[in-house]
Structures are given as C-alpha cells and as structure tokens.
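Chemist: Sharing a structure, written as structure tokens. Questions coming.
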Amino acid sequence: MKKTPTPAAALRVVFVTLASICMLVPMYLLLVNAFKSQREILSNPFTLDLGTATFQHLADAWNNPDFSILKGYGTTLALVLCVNALAMVVCAPAAYVLARTPKLISRMLLFFFIAGMFIPTQVILVPVIFVLRAVGLMGTMPGLILFMAATTIPFTLFVFFGYIRVLPRSLDEAAAIDGAGKYYTLWRIIVPLMRPIIATVFILNSLSVWNDFASPQMILGPGSDVYTVTTGVYAAVGQYSTDYTKVFPTLLLAVIPILVIFVVMQRHVMSGLAAGAVKG
C-alpha cells in the first residue's frame with residue numbers, strides 16, 4: 008500500500024527544493040553568462056542562445072595577462088594539500104589521546120579545542136597579522152599555511168575524535184599484547200580504519216581553503232606575487248567590474264576545479280559520514 012506523504016515530509020521537500028534553487032541560480036547565471044557578449048548579458052541574463060554562444064571569452068580569461076589561472080590553481084592546490092596534511096598530522100594523535108582519555112577529562116579538553124569553531128576567522132586575522140610579522144612569516148606561504156591549518160584544526164579534531172571514540176578499545180589491547188606501542192597502534196591500526204572520515208575531512212577542509220578570500224588577501228598582501236585563485240580573481244576582475252565578459256568567464260574558471268572535485272568525491276563524504284554514524 009502506497010503511503011501518503013505527511014505534511015511534515017511535504018514541507019521538508021518544499022524547503023529543500025527552494026533551498027536548492029536558491030543555491031543553483033547563481034551558478035546557473037555564472038555558467039550561461041560566461042559564453043555571452045556584454046549586450047546579451049545585460050539584455051537577457053537568464054537564457055543562452057546557442058547560436059551566438061562563444062568560447063572566446065573563456066579563452067581570453069585563461070590567457071589574461073593580469074592573472075595566470077594556472078598559477079592560481081597551483082598555489083591554491085599546494086595550499087590545500089599542505090593545510091590538510093598539517094591539520095591531520097596534528098589532529099590524529101590528539102584525537103586518539105582524547106578518545107582514549109576518561110570521559111569527563113576528554114569532554115573538557117574537547118570543548119576547549121572546538122571552541123575555535125565558533126570564532127569567525129575574520130575576528131582573529133588582525134592579531135594573527137601582528138604575530139606573523141613578529142616571527143617573520145607575514146606575507147609568506149608558510150605563514151598562510153600555518154594560519155589556515157590552525158583554523159581547520161577544531162573541526163578536524165572534532166570529527167576525528169567522534170570517529171575514534173567508537174572504535175573498540177580491544178584493537179588497542181590486542182596491539183599492546185603483540186608488543187605494539189601507542190604510535191604504532193595509531194598509525195598502523197587506527198589511522199587505516201579512518202580512511203572514510205579522512206576523505207570526508209579532506210574534502211570539506213579543501214572547500215573551505217579553496218574558497219577563502221580574506222585570509223590570503225590579508226596575509227599575503229594585495230601586492231604580493233603569490234596569489235590564490237580567489238585573490239587572483241579579485242585582482243584580475245576588480246578593474247573590469249563592469250565588463251561582464253571578463254568577470255563571468257574568470258569566475259567560472261576559478262570555481263570549476265573545486266566543483267569537479269566535490270562532485271567526484273561526494274560519495275566519499277557521504278560514506279565517511281555514514282561510517283561514523285553506524286560504528287559502535
């Protein structure tokens with residue numbers, strides 16, 4: 008017998024549909040207007056005439072002398088990899104220790120660490136600039152990597168802690184009986200079991216790092232030769248803000264890689280969250 012949807016279920020479907028439309032409309036506008044002339048964009052921004060569509064504007068954006076998109080890709084990818092590697096190397100041992108610590112103490116320490124999740128990055132940027140300047144890392148990639156890794160640590164630690172906590176302690180006990188130390192147990196037994204959640208954290212952190220504008224703009228400086236995708240796009244289209252044949256193609260090139268990565272890897276996000284939900 009076919010069930011009739013309840014009002015609450017129907018309301019959820021309507022809400023999700025409206026939210027999805029609100030999120031997809033900007034992407035749709037970005038996509039269709041990247042292939043149109045200035046006149047077509049201004050006169051009819053919501054449709055695309057395939058007869059007049061052209062890839063020339065994308066080619067011009069790719070070869071823009073003011074912004075090398077390939078250099079922006081390379082810098083941002085290196086930033087994403089370094090930030091994720093540093094955050095995970097720090098958080099895996101910390102989460103393991105907290106997860107194997109008595110409940111009251113681990114909860115108190117965990118709350119201390121994840122308090123950083125509730126502090127907006129922009130609030131601490133100015134103090135961080137003074138600190139980086141004092142240690143000679145202002146305007147450098149290492150300084151930016153350290154700062155962005157620090158901003159991802161609260162979330163990474165929180166997720167790792169929840170996952171490790173539900174792994175049976177018998178794994179540790181069996182390893183100890185075989186003569187394995189704590190470090191061996193963590194890196195050779197616990198971490199391999201964390202692959203789904205590591206993939207999830209990597210993707211979510213990568214989205215955050217790739218889309219961040221304020222941190223690289225402030226730490227690297229607007230006059231720096233080192234720029235990420237977001238700061239490079241800002242510098243490239245800032246002087247052509249009313250020339251939409253430069254704005255839309257450049258923005259589209261900036262977001263394509265991270266969209267492709269997310270679409271390809273989204274199954275890992277879902278499997279990682281599901282694995283963390285059903286264990287124990």
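Okay, so the sequence shown: first residue is 8 according to my numbering, each after it adds one.
C-beta atoms are modelled at their ideal positions from N, C-alpha and C, and glycine is treated no differently.
Using the C-alpha atoms, what's the distance from ILE48 back to LEU37?
Modeler: As a position in the sequence shown, residue 37 is number 30, starting the count at 1. As a position in the sequence shown, residue 48 is number 41, starting the count at 1. For LEU37 and ILE48, the distance between alpha carbons rounds to 11 Å.
Chemist: What did DSSP end up calling TYR190 once you bin it into helix, strand or coil?
Modeler: Your numbering for residue 190 matches position 183 in the sequence shown. Looking at TYR190 - three-state DSSP - the assignment turns out to be helix.
Chemist: Alpha carbon to alpha carbon, how far is ALA17 from MET148? Give it in angstroms, no decimals.
Modeler: If you number the sequence shown from 1, residue 148 lands on position 141. If you number the sequence shown from 1, residue 17 lands on position 10. Taking the straight line joining both Cα atoms gives about 49 Å.
Chemist: Relative to the C-alpha of GLU59, which candidate in PHE42, PHE74, ASN71 and ASN51 has its C-alpha closest?
Modeler: Stepping through the sequence shown from its first residue, residue 59 is reached at position 52. Looking at the sequence shown, residue 59 is not Glu but Thr. When each option's Cα is compared against that of THR59, the closest is PHE42.
Chemist: Would you kindly report the start and end of the unbroken alpha helix (DSSP H) that includes VAL289?
Modeler: No information on residue 289 is available, as it lies outside the stretch 8 to 287 that the chain covers here.
Chemist: Using CA coordinates, which residue listed in GLN129, ILE184 and TYR170 is at the minimum distance from THR158?
Modeler: Taking the sequence shown and counting its residues from 1, the one referred to as residue 158 is at position 151. Taking only the C-alpha atoms, the option nearest THR158 is GLN129.
Chemist: Would a C-beta distance cut-off of 9 Å place VAL262 and ILE76 closer than the cut-off?
Modeler: Residue 262 sits at position 255 when you count from the first residue of the sequence shown. Residue 76 sits at position 69 when you count from the first residue of the sequence shown. Cβ atoms of VAL262 and ILE76: not closer than 9 Å.
Chemist: Starting from the Cα of VAL90, find the closest Cα among ILE152, LEU111 and SER215 and give me that residue.
Modeler: What you label residue 90 is simply residue 83 of the sequence shown in a count that begins at 1. Comparing Cα-Cα distances from VAL90 to each of ILE152, LEU111 and SER215, the minimum goes to ILE152.
Chemist: Answer with buried or exposed for ALA181, where buried requires no fewer than 16 other C-beta atoms within 10 angstroms of its C-beta.
Modeler: On the sequence shown, position 174 is the one that residue 181 refers to. Under this definition ALA181 is an exposed residue.
Chemist: Under 9 Å, do MET124 and PRO161 count as touching if we go by C-beta distance?
Modeler: Residue mapping note: residue 124 aligns to position 117 of the sequence shown, counting from 1. Residue mapping note: residue 161 aligns to position 154 of the sequence shown, counting from 1. For MET124 and PRO161, yes; Cβs fall inside 9 Å.
Chemist: To test your reading of the DSSP string, which unbroken alpha helix (DSSP H) runs of 4 or more residues are found completely within the segment 133–160?
Modeler: Taking only runs of at least 4 residues, no alpha helix (DSSP H) segment lies wholly in the segment 133–160.
Chemist: Pick helix, strand or coil for PRO14, following the three-state DSSP scheme.
Modeler: Here residue 14 corresponds to residue number 7 of the sequence shown, with the count starting at 1. In this structure, PRO14 counts as helix in the three-state DSSP scheme.
Chemist: Any idea if GLY79 is buried or exposed, counting beta-carbon neighbours within 10 angstroms, 16 or more meaning buried?
Modeler: Reading the sequence shown from its first residue, position 72 is the one you call residue 79. When all chains shown are included, GLY79 counts as buried.
Chemist: For LEU117, collect the residues of the same chain with a Cβ closer than 8 Å to its Cβ; drop the 5 residues on either side in sequence, then sort them by chain order.
Modeler: Taking the sequence shown and counting its residues from 1, one reaches residue 117 at position 110. The beta carbon of LEU117 is closer than 8 Å to those of LEU105, LEU164, PHE165 and PHE168 in its chain, skipping five residues each way along the sequence.
Chemist: Which residues in the same chain as THR24 place their Cβ atom closer than 6 Å to its Cβ, once the five residues preceding and following it in sequence are excluded?
Modeler: For the purposes of this step, residue 24 is taken as residue 17 along the sequence shown, with counting starting at 1. Excluding positions up to five away in sequence, the list is empty.
Chemist: Between SER215 and ILE268, how many whole angstroms is the CB-CB distance? I'm expecting something under 8 Å.
Modeler: By 1-based counting over the sequence shown, the position of residue 215 is 208. By 1-based counting over the sequence shown, the position of residue 268 is 261. The pair is not a contact, with the Cβ atoms about 13 Å apart (cut-off 8 Å).
Chemist: Give the DSSP-derived three-state secondary structure of ARG176 in the structure shown.
Modeler: Within the sequence shown, numbered from 1, the residue matching residue 176 stands at position 169. Coil, per DSSP.
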